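Presented below is the structure to which this report refers.
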Amino acid sequence: MISKGIMDVRVGLLFLFVLGASWVCDARQLEAAPVVLSGASVVQTNQGQDEEVVENIVWKDNVCTLCEEFATEAIDFLSQNKTQTEIVEVLRKSCSRIPSFEQQCITLVDYYVPLFFVEISSIQPEVLCKEVNLCQKFALISTQIREDCCGVCHHAVSEVLTKLKDPDTQLEIIELLLKGCDSVQNYVKKVGVFEELR
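Going by numbering that gives the first Met the number 0, the letters in the sequence shown line up with residues 0 to 197, in that order.
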């Protein structure tokens, strides 16, 4: 029973770490590779559960839905008094490992951990998943781009051609090219096209 409680606390702390990391990173920057889970890995990660529970897992392709479901589970888990008590106990024990700052550490734990749990309980899973950019319409846009890549390419080329008609843009490009040629003085005569522009 004690080892299950410790495992629950470790899972909770792992979730807190992942949650904190997700606030820092933008989920859209992650590679959208398909996730393949074998039955063995599911059984291995769910060692304490019955085989029936593992078999009843319904896999969903929608990342947003998965995020919302996991966030709901994690928030429910962290909102339980038992979980909160175990986390506080683990943190207080951790404070005892730094004797010179033990009292300050305990004071910080006693002050900030309840605030953390209040904040966690106020989080809405939908909002959290939107904040980490897992529930936006970027997937739909990328699908449209893949389907209409010629249209996107034509649009980009027309925008560039429009910009190139602007005399200020032309002058800026010529100045950049001249700077490049000036940096390699020995080759200016070989690049005869730019001699005419001087």
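Positions of the beta carbon are idealized from the N, C-alpha and C atoms, including for glycine.
This structure is a prediction, so every number in the text was calculated from the model and none was measured.
- Contact between Ala70 and Leu107 is ruled out by a C-beta separation of about 26 Å, above the 8 Å threshold.
- In this structure, DSSP gives Leu77 a helical state, which the three-state scheme calls helix.
- When C-beta atoms of the region 66 to 83 are compared with those of the region 94 to 109, fewer than three pairs fall below 8 Å, so the two segments do not count as touching.
- Put simply, the region 113 to 128 does not touch the region 147 to 164. Fewer than three CB pairs are less than 8 Å apart.
- In this structure, Val62 and Leu175 do not form a Cβ contact; the two beta carbons are roughly 42 Å apart against a cut-off of 8 Å.
- CA-to-CA, the gap between Gly150 and Leu163 works out to about 20 Å.
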